[in-house]
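Undergrad: Sharing a structure below in structure tokens format, with a few things to ask.
2 protein chains.
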Amino acid sequence: MGDKPQKATAFVDWYLATVEAAGLTDKRYPVKGMNVWTPYGFRARRELDRVMVREIESAGSVPVEFPTLIPQTEFQKEGEHIKGFDAQVYWVTKGGESPLDVPLVLRPTSETAMYPVFSLWIRSHKDLPLNVYQIVNTFRYETKTTRPFLRVREIHFFEEHTCQVDEAAATERVRSNLEAFAAMAKAFALPFVPVRRPEWDKFPGAFYSVALDIPLGGGRTLQIGSVHHYRENFSRPYQIAYEDREGEQRYVHQTTFGLSERLLGAIVAVHGDDKGAVFPTSVAPHQVVIVPILAGGNAEMVGTFAAGLERRLSARGVRVHLDDSEERPGAKYYRWETAGVPLRLEVGGREAAAGSVTVVDRLGGKRTLGPAGLEEAIDGALRTYDQQLYERALTAFRSAFSIARRLEELGASETVRLLSWCGKESCGRAIETAIDGSLLGTPEGELPIAVGAPGPCLVCGESNDALWALAGRPM
Amino acid sequence: MGDKPQKATAFVDWYLATVEAAGLTDKRYPVKGMNVWTPYGFRARRELDRVMVREIESAGSVPVEFPTLIPQTEFQKEGEHIKGFDAQVYWVTKGGESPLDVPLVLRPTSETAMYPVFSLWIRSHKDLPLNVYQIVNTFRYETKTTRPFLRVREIHFFEEHTCQVDEAAATERVRSNLEAFAAMAKAFALPFVPVRRPEWDKFPGAFYSVALDIPLGGGRTLQIGSVHHYRENFSRPYQIAYEDREGEQRYVHQTTFGLSERLLGAIVAVHGDDKGAVFPTSVAPHQVVIVPILAGGNAEMVGTFAAGLERRLSARGVRVHLDDSEERPGAKYYRWETAGVPLRLEVGGREAAAGSVTVVDRLGGKRTLGPAGLEEAIDGALRTYDQQLYERALTAFRSAFSIARRLEELGASETVRLLSWCGKESCGRAIETAIDGSLLGTPEGELPIAVGAPGPCLVCGESNDALWALAGRPM
């Protein structure tokens with residue numbers, strides 16, 4: 074254990090070691106940056122997807138799936154967009170032995186796959202809004218160092234695409250997406266801040282982009298998703314138009330909402346500790362692990378009680394795993410701590426005789442629950458665990474930000490800085506140089522920490538249009 | 074309606090028109106054979122997947138996901154296999170602007186993606202059996218005419234891959250897969266026959282292949298899945314070996330089990346009629362549609378009752394859709410019949426006043442259910458509907474086979490023929506010529522219709538090794 078990297082002192086190494094030890098992915102696949110979803114990792118991802126699906130369908134979106142391959146001709150219709158992705162796409166050029174007439178792109182994102190079809194689906198204002206989403210894999214020919222879940226070449230991706238009657242309706246959809254994401258983030262116990270990116274850092278082709286950022290400590294930030302307002306930037310080249318109530322032809326206003334497996338990386342990065350991963354119950358492949366402690370003559374009684382307990386919890390919808398392998402209990406404790414299981418139930422001879430269990434939660438709490446109302450008490454322990462996990466994450470979140478009042482304060486900051494910015498690119502670039510990172514943009518809605526009104530711009534001293542902005546070092 | 078192709082007289086055109094009218098797919102995507110999963114089609118597929126996941130996980134399989142892209146070097150390790158797929162794969166040759174060092178294949182199936190990693194996962198007999206499955210898209214550069222769900226270039230695919238200690242254990246896994254498939258097929262109301270394919274038609278690289286065939290009428294058959302026993306054919310080139318209890322190194326014996334979106338096509342093809350699709354409740358995106366019939370002064374009462382009914386059924390877990398759009402009831406009846414919804418609940422003023430509903434099922438039954446125990450009665454109507462659908466399919470299945478006792482009887486048969494075959498390829502080829510189709514192989518287990526012992530081979534007259542075999546015209 075002495076060689077294991079510590080979260081506080083070697084964050085990136087700690088992250089890589091934690092993902093590996095939890096058994097969430099296998100990086101030994103023979104294409105760099107394309108990893109194998111192991112059974113444990115896949116199940117975590119499946120639970121993550123369930124939360125996303127639940128929230129986006131509550132917000133009126135319906136599932137679709139568009140093809141993986143996009144013809145070059147469609148891909149190149151929106152100029153800004155293609156410029157943003159050109160260097161990063163995989164090209165399919167051959168089918169069997171023959172070169173393809175039109176090369177195909179492996180989708181890096183699906184605007185250019187969906188929008189030619191949207192132009193067929195939408196005719197009238199009665200066809201609007203169109204709110205569809207898909208969960209698919211996307212592909213980017215990454216040239217930077219890849220890292221499991223955070224930067225990979227085949228990406229498990231969630232993308233909502235919507236068409237709205239006008240700019241205001243699209244703005245409202247952006248708001249609705251932020252609300253849906255807040256519900257997801259609560260389920261993942263991930264406090265976040267929505268940040269409107271500066272012009273030079275918006276999504277290629279977008280009118281504006283709101284990124285969903287989380288702090289990772291040490292002044293680092295991670296973008297875990299984004300919501301974009303496209304105005305008519307895509308609907309014009311792709312001819313997505315409708316007849317309004319007055320019989321006029323109008324272009325739709327579009328939005329997109331993107332999330333990915335990066336969320337799983339964020340959950341490991343935010344909640345994990347030096348013992349391993351720590352999962353919120355929403356995502357944990359096993360919410361509860363039962364470890365029977367067999368000794369001497371009680372093996373049969375303990376085994377029977379443990380198996381019965383597994384059945385009872387499973388019948389209530391708890392994702393429970395009975396670890397009846399041949400290892401020592403201590404080895405099992407270690408394994409399931411590393412894997413981030415929320416609750417461990419220890420069942421020995423004393424517990425089996427009394428019908429009770431010893432509950433150890435992944436945040437370190439330990440107590441004995443008696444036989445009366447045992448299932449309800451375990452449900453309660455899961456809820457309490459989630460609350461404590463969220464509160465711990467919220468405390469870390471709040472302490473990850475601090476105010477900078479002068480440009481000289483930025484330096485190699487250990488926190489994400491909140492500062493006044495006039496909105497000019499030149500001042501933004503000066504801030505980026507000073508912090509050796511990025512101007513993330515202006516937070517939407519509530520600020521991550523309580524502050525007063527913004528002062529003058531940190532760079533030029535202009536007071537009139539200055540807004541609070543965030544600057545940090547994105548991973 | 075006069076122009077609509079009829080199932081009995083123009084099967085293929087009928088199939089295409091039925092899929093289209095039900096709104097299950099959109100074929101206008103600009104790559105031929107790569108279609109869009111519409112919201113309705115996607116939801117049918119999602120339910121189909123749920124059944125597959127339920128049954129395969131009950132049989133001890135766990136989910137994984139391997140990358141979409143396979144390096145040419147791995148893809149070419151097993152010679153037979155690559156020969157079977159060489160002409161049908163899409164090649165990724167470029168990333169960004171640069172040619173890739175090693176070209177990548179879009180998986181046509183995942184043996185060559187998984188097995189290099191299995192060789193790392195498996196060390197000891199304690200790691201066996203390894204039973205994993207994935208649901209992913211696969212890609213085939215089809216040169217034949219494409220048809221939605223039945224023959225496409227991007228295929229929604231289910232594949233189980235297992236590693237077993239020896240040949241007998243692998244044979245047992247084949248049996249377990251056939252049992253799991255029988256449960257799935259029951260849920261889809263699809264009678265089928267497992268057929269061991271002749272040597273010349275087995276999966277590339279397999280020791281033997283059992284195909285899951287269904288008759289489609291007119292002597293046509295459709296393979297809706299397959300189970301393969303690989304023996305050591307892949308474990309040797311991919312070096313998947315383990316140490317047995319005696320400390321000896323042994324190669325694993327492998328099996329695979331493949332299903333695809335073709336199942337959805339089969340459901341449409343088997344159950345559909347001249348009015349449109351007909352879904353079993355297991356797969357129906359909407360199991361129940363409520364159509365309020367508003368007239369004069371009762372609109373509010375009817376609307377309230379219909380909305381309440383939707384809530385009550387939804388709370389019981391029924392997939393129910395309240396169609397409160399502005400169309401006439403007749404147009405709604407037509408639409409949901411075309412779309413294959415099992416039950417339609419008509420709610421007018423009389424029903425709302427009495428708390429009753431008029432139930433029309435997709436097989437033509439109609440009755441009124443009173444207010445007492447209404448939800449239970451609707452559950453019962455769904456169960457009865459499924460039984461009737463299955464019985465209807467079973468009747469059609471049984472009448473789709475007939476015995477041929479002489480080669481001259483084969484001709485352009487309107488049924489799939491059951492005949493005696495000695496097992497020799499030359500005799501098999503003669504049968505294929507005579508029927509202008511395929512010798513499908515020898516059924517595993519029970520025969521689709523009751524027959525006695527096989528007679529002498531239809532071609533050579535040999536009696537010793539003759540077995541019942543099936544011959545038909547695969548779609």
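Just so you know, the protein sequences line up as chains U and X, in that order. So my numbering is basically just the index in the first sequence, starting at one, shifted up by 73. So my numbering is basically just the index in the second sequence, starting at one, shifted up by 73. Note that CB positions come from ideal geometry on N, CA and C, so glycine has one too. Just so it is clear, the structure is predicted and the values come from calculations on it, not from any experiment.
1) Buried or exposed, going by whether 16 or more other CB atoms sit within 10 Å of the CB of U/Trp273?
2) With distance defined between alpha-carbon atoms, name the residue in X/Asp452, X/Glu399, X/Ala445 and X/Glu481 nearest to X/Leu570.
3) What do you get for X/Ala279, buried or exposed, if any count of 16 or more other CB atoms within 10 angstroms of its CB means buried?
4) Please classify U/Thr98 as buried or exposed, where buried requires at least 16 neighbouring CB atoms within 10 angstroms.
5) Would DSSP call U/Pro402 helix, strand or coil?
6) With DSSP as the reference, identify every bridge partner of U/Glu464, one or two as the case may be.
7) Kindly indicate the opening and closing residues of the beta strand (DSSP E) around X/Asn306.
8) With a threshold of 9 Å between beta-carbons, can X/Phe115 be considered close to chain U, or not?
9) Does U/Glu170 have its Cβ less than 9 Å from a Cβ in chain X?
10) Give me the chain U residues within the contact set of X/Tyr102, using Cβ-Cβ distance strictly less than 9 Å, ordered along the chain.
11) For X/Cys530, which three-state DSSP category applies?
12) Name, in chain order, the residues that DSSP records as bridge partners for U/Pro516.
13) Can you look up U/Gly96 in the DSSP assignment and give me helix, strand or coil?
14) Which residues mark the beginning and the end of the alpha helix (DSSP H) in which U/Ser192 is found?
15) Sorted by chain position, which residues of the same chain lie with C-beta nearer than 6 Å to X/Tyr463's C-beta, five sequence neighbours on each side aside?
16) Spell out whether any CB of chain U is found under 9 Å from the CB atom of X/Ala253.
17) The region 327-342 of chain U: which residues have C-beta closer than 8 Å to a C-beta of chain X, in chain order?
18) Could you say which of U/Thr506, U/His229, U/Tyr315 and U/Leu512 lies nearest to U/Leu201 if we only look at CA atoms?
19) For X/Arg309, which of X/Thr185, X/Glu487 and X/Arg116 has the nearest alpha-carbon?
20) Straight-line CA distance for U/Ala258 to U/Thr328?
21) What are the partner residues of U/Tyr163, as DSSP defines its beta bridges?
22) For the region 198-284 of chain U, which segments carrying the beta strand (DSSP E) assignment without a break, of at least 3 residues, lie completely within its bounds, in sequence order?
23) Cα-Cα, which of X/Leu447, X/Ala454, X/Glu449 and X/Glu448 is closest to X/Lys439?
24) Looking only at C-alpha atoms, which of X/Arg456, X/Gln312, X/Leu416 and X/Leu447 sits nearest to X/Gly437?
25) Assess contact between the region 395-403 of chain X and the region 360-380 of chain X, defined as three or more Cβ pairs (one per stretch) separated by less than 8 Å. Is contact present?
26) Helix, strand or coil, according to DSSP, for U/Ile504 in the structure here?
27) Kindly identify the DSSP beta-bridge partner or partners of U/Gly331.
28) Since X/Thr166 meets chain U, which of its residues come closer than 7 Å, beta carbon to beta carbon?
29) For X/Leu367, does the three-state DSSP call read helix, strand or coil?
30) Distance check for U/Val433 and U/Ala427, CA to CA, integer angstroms please.
31) Less than 7 Å between C-beta atoms, sequence neighbours within five positions excluded: which residues of the same chain meet that for U/Ala339?
32) Expressed to the nearest angstrom, what Euclidean distance is found between the alpha-carbon atoms of U/Ala95 and X/Ile476?
33) Do U/Phe352 and U/Val391 have their C-beta atoms closer together than 9 Å?
34) Relative to the C-alpha of U/Pro140, which residue among U/Glu170, U/Glu240, U/Pro78 and U/Phe212 is closest?
35) Is U/Ile129 helix, strand or coil by DSSP?
36) So X/Leu337 packs on X/Leu121, CB below 8 Å; how close in whole Å?
TA: Walking through what the data contain:
1) Here residue 273 of chain U is taken as the residue at index 200 of the first sequence, counted from 1. Looking at its Cβ environment, which holds fewer than 16 other Cβ atoms inside 10 Å, U/Trp273 is exposed.
2) A query on residue 570 of chain X cannot be resolved here, the shown segment of chain X reaching from 74 to 548 and no further.
3) The residue labelled residue 279 of chain X in the question sits at position 206 within the second sequence. Buried: at least 16 other Cβ atoms inside 10 Å.
4) On the first sequence, position 25 is the one that residue 98 of chain U refers to. Label assigned to U/Thr98: buried.
5) Along the first sequence, read from residue 1 onward, the residue named residue 402 of chain U stands at position 329. Helix, per DSSP.
6) The residue labelled residue 464 of chain U in the question sits at position 391 within the first sequence. DSSP, once it has assigned bridges, lists no residue as partnering U/Glu464.
7) Taking the first residue of the second sequence as 1, we reach residue 306 of chain X at position 233. Neither: X/Asn306 is in no beta strand (DSSP E) and is coded neither H nor E.
8) Translated into the one-based positions of the second sequence, residue 115 of chain X becomes position 42. Flagged as an interface residue toward chain U: X/Phe115, by a C-beta distance shorter than 9 Å.
9) Taking the first residue of the first sequence as position 1, residue 170 of chain U is located at position 97. At least one chain X Cβ lies under 9 Å of U/Glu170.
10) In the second sequence, counting from the first residue as 1, residue 102 of chain X sits at position 29. What X/Tyr102 touches in chain U: Phe139, Pro140, Ala186, Pro189 and Val190.
11) Start at 1 with the first residue of the second sequence, and residue 530 of chain X comes out as number 457. Three-state DSSP puts X/Cys530 in coil, outside helix and strand.
12) Taking the first sequence and counting its residues from 1, the one referred to as residue 516 of chain U is at position 443. Partner residues in the beta bridge of U/Pro516, as assigned by DSSP, are U/Val268.
13) Numbered from its first residue, the first sequence carries residue 96 of chain U at position 23. The answer is coil: DSSP assigns U/Gly96 none of H, G, I, E or B.
14) For the purposes of this step, residue 192 of chain U is taken as the residue at position 119 of the first sequence. That run of the alpha helix (DSSP H) goes Glu184 to Trp194.
15) Here the question's residue 463 of chain X lines up with position 390 in the second sequence. Result list for X/Tyr463: Ala262, in chain order.
16) As a first step, residue 253 of chain X must be located in the second sequence, where it is residue number 180. No, no contact with chain U.
17) The region 327-342 of chain U vs chain X, Cβ under 8 Å: nothing.
18) Translated into positions along the first sequence, residue 201 of chain U becomes position 128. For U/Leu201, the nearest C-alpha among the options comes from U/Tyr315.
19) Within the second sequence, residue 309 of chain X is the residue found at index 236, counting from 1. Closest by alpha carbon: X/Thr185.
20) Position 185 of the first sequence holds residue 258 of chain U. Position 255 of the first sequence holds residue 328 of chain U. Those two C-alpha atoms are separated by around 20 Å.
21) Reading the first sequence from its first residue, position 90 is the one you call residue 163 of chain U. DSSP, once it has assigned bridges, lists X/Gly168 as partnering U/Tyr163.
22) Counting whole runs of 3 or more residues, the region 198-284 of chain U contains the beta strand (DSSP E) stretches 203-212, 227-237 and 266-269.
23) By one-based count along the second sequence, residue 439 of chain X stands at place 366. Residue X/Ala454 is the option with its Cα nearest to X/Lys439.
24) For the purposes of this step, residue 437 of chain X is identified with residue 364 of the second sequence, where counting begins at 1. Ranking the options by Cα distance to X/Gly437, first place goes to X/Leu416.
25) Because the criterion of three Cβ pairs below 8 Å is met, the region 395-403 of chain X and the region 360-380 of chain X touch.
26) Here residue 504 of chain U corresponds to residue number 431 of the first sequence, with the count starting at 1. It is helical.
27) Numbered from its first residue, the first sequence carries residue 331 of chain U at position 258. According to DSSP, U/Gly331 bridges with U/Glu232 and U/Ser299.
28) Residue numbering aside, residue 166 of chain X sits at position 93 when the second sequence is read from its first letter. Among the residues of chain U, those whose CB is under 7 Å from the CB of X/Thr166 are Trp164, Thr166 and Lys167, following chain order.
29) Within the second sequence, residue 367 of chain X is the residue found at index 294, counting from 1. Reduced to three states, the DSSP call for X/Leu367 is coil.
30) As a first step, residue 427 of chain U is located in the first sequence; it is residue number 354 there, counting from the start. As a first step, residue 433 of chain U is located in the first sequence; it is residue number 360 there, counting from the start. Spanning the two alpha carbons is a distance of roughly 18 Å.
31) Mapped onto the first sequence, residue 339 of chain U falls at position 266. Correct list, in chain order: Leu263, Ile287, Leu295 and Ile297.
32) On the first sequence, residue 95 of chain U is found 22 positions in, with the first residue counted as 1. On the second sequence, residue 476 of chain X is found 403 positions in, with the first residue counted as 1. So the two alpha carbons sit approximately 58 Å from each other.
33) Counting from one through the first sequence, the residue named residue 352 of chain U turns up at place 279. Counting from one through the first sequence, the residue named residue 391 of chain U turns up at place 318. Cβ atoms of U/Phe352 and U/Val391: not closer than 9 Å.
34) Translated into the one-based positions of the first sequence, residue 140 of chain U becomes position 67. Just measuring C-alpha positions, the residue of U/Glu170, U/Glu240, U/Pro78 and U/Phe212 sitting nearest U/Pro140 is U/Phe212.
35) For the purposes of this step, residue 129 of chain U is identified with residue 56 of the first sequence, where counting begins at 1. Looking at U/Ile129 - three-state DSSP - the assignment turns out to be helix.
36) The residue you call residue 337 of chain X lines up with position 264 of the second sequence. The residue you call residue 121 of chain X lines up with position 48 of the second sequence. Going by Cβ atoms, the distance from X/Leu337 to X/Leu121 rounds to 6 Å, so yes, they are a contact pair.
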